[in-house]
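In what follows, a structure is listed as C-alpha cells, so that the remarks can point back to it.
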Amino acid sequence: MFNYLDKEHPIKVKVSMEGSFFRDAQFIQKKDGQLKLQLFSKEALMSDDGKLMDLRELTMFFPEKNLTVKARKGFYWIESGDLILSEGIEGFSKDYKIYGTEAYWSAKDKTLYSDNPLKIEGNRFIIEGNSGKASENLIELKKGVKAIVYSKK
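Residue numbering for the sequence shown follows our numbering, beginning at 15 and increasing consecutively.
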C-alpha cells in the first residue's frame with residue numbers, strides 16, 4: 015500500500031498494489047544512500063497479501079561486486095528482500111560465471127544458497143558441485159565437487 019499526500023491539497027490518496035501485474039518492473043535496494051541491488055523483471059505479479067512478487071525473466075545487479083545474476087523465474091519477498099531464483103540461472107562478473115537451476119538469496123546474510131548443482135567457470139578453472147553458497151568474500155561448493163584448473167602457459 016502506497017500513500018500519497020499532495021502538499022498543496024489536503025487530500026490523502028491510497029493506492030493498493032495487491033494482486034497487481036507489472037511489466038518491466040524495477041526494484042532498488044539502497045543502504046545509507048548507496049545502491050546495493052537493482053532487480054529488473056519483464057513481468058511481476060503481486061500476491062493478494064502484497065508481500066510476495068512472482069517474477070519472470072529477472073536480472074539482479076550488485077554494483078559493489080559488478081555481479082549480474084539472471085533467471086527465468088523468481089519469487090521476491092518485499093519486506094525481507096529475499097529471493098528464490100529458478101530455471102536457467104546465470105551469474106557473471108569480470109572474473110567468473112556461475113550456472114545453476116535453483117538458488118535462494120538471503121538479503122540479511124547477503125548470501126546466495128543452493129541445494130542443487132552449481133558450476134563456476136573462471137579464466138583458468140571450472141568447478142562443479144552438487145550444492146553450495148556464495149557471498150561477497152567466499153564461494154563454497156559442497157558434495158561431489160569436481161575441479162579443473164588450467165596452468166599458465
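Where a beta carbon is used, it is the ideal one built from N, C-alpha and C, also for glycine.
Being a predicted model, the structure only gives us computed values, none of them experimental.
Relative to the Cα of Glu116, the nearest Cα in the group Ser107, Ile98 and Asp68 belongs to Ile98. Between the alpha carbons of Arg37 and Met74 lies a gap of roughly 16 Å. Around the beta carbon of Gly105, a 10 Å sphere encloses 16 or more other beta carbons of the protein chains shown; the residue is thus reported as buried. Note on geometry: alpha-carbon atoms of Ile42 and Leu59 lie some 17 Å from one another. Ser128 is positioned such that its CB atom lies closer than 8 Å to that of Ser145. If you ignore the 5 residues before and after Lys147, its C-beta comes within less than 6 Å of the C-beta of Thr125, Tyr127 and Glu154, all in its own chain and listed in chain order. Under the DSSP assignment, Arg138 falls outside any beta strand (DSSP E); it carries neither an H nor an E label. In the DSSP assignment, Val163 is bridged to Phe139. Boundaries of the beta strand (DSSP E) harbouring Ser128: Thr125 to Ser128, taken from the DSSP string. Between the alpha carbons of Ile141 and Lys122 lies a gap of roughly 27 Å. A distance below 6 Å between beta-carbons, with the five flanking residues on each side excluded, links Ile162 to the following residues of its chain, in chain order: Ile140.
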